[in-house]
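**Q** Let me give you the structure first, and then I'll get to my questions.
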Amino acid sequence: MTTLERAAPVAFGFLGLAIWQGAIWALDVPPYVLPGPIAIVQAYAADYGTLNAALVSTLTVTVTALAVSATLGVVLALAMAASSLARAAIQPWAVILQVTPVVAIAPLIILWVNQPFLALVVCATIVAFFPVLSNTAAGLAATPPELLDLFKLNGATRVQTLFLLRLPAALPYFLAGLRISGTLALVGAVVAEFVAGSGGFASGLAYRILEAGYRLEIPRMFAALTLLALAGIAIYAALGLFAYLMLRRRDS
Amino acid sequence: MIAIEGVSKRFASGTLALEGISTGIAAGEFVALLGPSGCGKSTLLRLLAGLETPSEGVVNFAAGRPKAGEIGFVFQDATLMPWATAAQNVALPLRLQKRPDDAAVSAALAQVGLAAFAGAKPGTLSGGMKMRVSIARALVSKPKLLLMDEPFAALDEFTRHKLQEDLRDLWRRTGTTIVFVTHSIYEAAYLASRVLVMSARPGRLAADVASNVAEGPDRRGAADYVAFVKQLTETLRAVMPDEAEVRAA
């Protein structure tokens, strides 16, 4: 990749922003319909304390949900790998949870779980845990059969096979699942915050988006939206880097 | 050492992989199982390893069923653990048998000429080096029986020749009993002291040919090697005319 190619996406982004801002000025679009980039930055500068606190709140829910998802996904995948009975019992429920829109069940969860933070984490976990579960399960099932034979020929115990072979062999699959789960956890957290926010519970960036919408502070709404997008990109990139470093350390 | 008596293998799918195999393998022999793809050579090897059980017949070991580590197995791919170093991969059988022995690991690596690569991860090794690590792993617990399932099939010609030569040296030095599956007539003729020719679908033992190729530095160029290749080719052609012609071409 040349320096020019590396700079291309950034330059293209700035070009897009410039055209956007130019069109706003030229066509005299009012900010409550569509604010320009400058108005958005100004809105952020005017209220960065509240918005940053909201970002931290959303990220706390996201990271907690991701940690719970990773643990839960690996534990369930191990159970499914260890026994076909457990697999038969768990798999359909995992799929049902995955296909049920979290928007539909979030109000119930927020009603049932009294502690708001916990309710948000539960919602985000429901959205996020499936990729870790299915990827880790696939990884555990994809252990090279020859290596399993080799372990058998040398009288390996189940515990040895799990820790020396199955888990390390499943690591790349787990990491790929974790990366998908990371962005899904953010989506789940935002959806739950929207539902909780409609009920009057103030938390996170989604609530700030709702609030700004009610007050017709559209530039502030866009500022919150931009923070969300940046948070999503950062999570995806960070988990990608984490996976890269883990596998590089492991294999070289 | 091993008596194979009337062994048949039918898989759960209904496929009859092997039918009525009876033969013996003496200690110190280098036996090649030669036949086209799908003739059940690998299945027979897995039966010897105890990784499959026969549907009919028995596989008897003179010294009783081998214990963990008494059989070394080399697969078609090196099948190393990419996260472990060469030495850790070689040490695996001993670790699983709970009798770690660093000296044995170093000796096994030296035996395949990779003493300098003990700390290297498989991702940094060439195909031939990976296969050498795989062979060292099979040798580390000093097995009485070494089973090899087309171990050199995926290697380039030059590396294959080198590994064949080294394997023969190793066999002559250690006297380990080796059963080697291959679909290459040249490989069987070069390596083995005895060749079992198999026919396909179902896999039957078609011929049992002892090698009379003399030991010597230039085995591949020797007249008796060329004659042996010809003899094996004709044997294969007799049992499966079409496929033998393809293989020999």
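Chains as they are written, first to last, in the working numbering: chain A, 20 to 271; chain B, 5 to 253.
C-beta atoms are modelled at their ideal positions from N, C-alpha and C, and glycine is treated no differently.
What you are looking at is a predicted structure, and each value in this text was computed from that prediction instead of being measured.
At the 8 Å Cβ level, is A175 (chain A) part of the contact set with chain B, yes or no?
**A** Yes, its Cβ sits closer than 8 Å to a Cβ of chain B.
**Q** So with CB distances below 8 Å, who are the chain A contacts of G127 (chain B)?
**A** Neighbours of G127 (chain B) on chain A, chain order: D270 and S271.
**Q** One question on the structure: do F204 (chain A) and S88 (chain A) come within less than 8 Å of each other, judged by their Cβ atoms?
**A** Note on residue identity: the sequence assigns Ala, not Phe, to residue 204 (chain A). The answer is yes: Cβ separation under 8 Å.
**Q** Between which two residues does the beta strand (DSSP E) containing A21 (chain B) stretch?
**A** Its beta strand (DSSP E) spans residues L20 to I29.
**Q** Quick one: does L249 (chain A) have its CB under 8 Å from some CB of chain B?
**A** Output row for L249 (chain A): interface = no.
**Q** Go through its chain and collect everything with a Cβ distance to A248 (chain B)'s Cβ below 6 Å, but skip five positions before and after it.
**A** Confidence at A248 (chain B) is low in this model, with a pLDDT of 49, below 50, so its placement is unreliable and no value can be given for it.
**Q** From L247 (chain A) to A175 (chain A), what distance separates their C-alpha atoms?
**A** Between L247 (chain A) and A175 (chain A), the C-alpha separation is close to 49 Å.
**Q** With a threshold of 16 other CB atoms inside 10 Å of the CB of T10 (chain A), please say whether the residue is buried or exposed.
**A** This structure does not reach residue 10 (chain A), given that chain A is present from 20 up to 271, and the question cannot be answered.
**Q** Only counting runs of 3 or more residues, tell me where the beta strand (DSSP E) segments fall wholly within the segment 58-107 of chain A, in order along the chain.
**A** Fully enclosed beta strand (DSSP E) runs of 3 or longer: not present.
**Q** Give the DSSP-derived three-state secondary structure of F148 (chain A) in the structure shown.
**A** Looking at F148 (chain A) - three-state DSSP - the assignment turns out to be helix.
**Q** For a contact meaning CB atoms closer than 7 Å, what does A53 (chain B) contact in chain A?
**A** The contacting residues are L172.
**Q** Classify A7 (chain B): buried if its beta carbon has 16 or more other beta carbons within 10 angstroms, exposed otherwise.
**A** By the neighbour-count rule (16 or more Cβ atoms within 10 Å), A7 (chain B) is not buried but exposed.
**Q** Give me the Cα-Cα distance between L294 (chain A) and T57 (chain B), rounded to the nearest whole angstrom.
**A** It is not possible to answer for residue 294 (chain A), since the shown part of chain A is limited to 20 through 271.
**Q** Using 8 Å as the limit for Cβ to Cβ distance, is L169 (chain A) near chain B?
**A** So yes, L169 (chain A) belongs to the interface.
**Q** Across the segment 188-200 of chain A and the segment 47-64 of chain A, are there enough close Cβ pairs to call them in contact, namely three or more that are closer than 8 Å?
**A** No: the two stretches stay apart, fewer than three of their Cβ pairs being nearer than 8 Å.
**Q** Buried or exposed: where does E23 (chain B) fall if 16 or more other Cβ atoms within 10 Å of its Cβ makes it buried?
**A** So E23 (chain B) ends up on the buried side.
**Q** Run the CB neighbour count on L260 (chain A), radius 10 Å, all protein chains shown included, and call it buried at 16 or more, exposed below.
**A** By the neighbour-count rule (16 or more Cβ atoms within 10 Å), L260 (chain A) is not buried but exposed.
**Q** Along the alpha helix (DSSP H) that carries T245 (chain A), what are the first and last residues, could you check?
**A** Note, T245 (chain A): alpha helix (DSSP H), I237 to D270.
**Q** Using only the alpha-carbon positions, how far apart do P238 (chain A) and V60 (chain A) sit?
**A** Cα to Cα, the separation comes out at about 8 Å.
**Q** Going by CA-CA distance only, name the one from B:D173, B:F121 and B:A211 that's closest to E219 (chain B).
**A** Measuring from the Cα of E219 (chain B), the nearest candidate turns out to be B:D173.
**Q** Taking beta-carbon pairs under 9 Å, can you tell me which members of the segment 107-126 of chain B lie near chain A?
**A** Listed by position along the chain: K125 and P126.
**Q** Can you tell which of B:Q92, B:V233, B:L98 and B:P97 has the C-alpha that lies nearest to the C-alpha of R269 (chain A)?
**A** Of the candidates B:Q92, B:V233, B:L98 and B:P97, the one whose C-alpha sits nearest the C-alpha of R269 (chain A) is B:Q92.
**Q** Can you check which of these residues, A:W39, A:F220, A:I43 and A:A231, is closest to P135 (chain A) by C-alpha distance?
**A** Per the Cα distances, A:F220.
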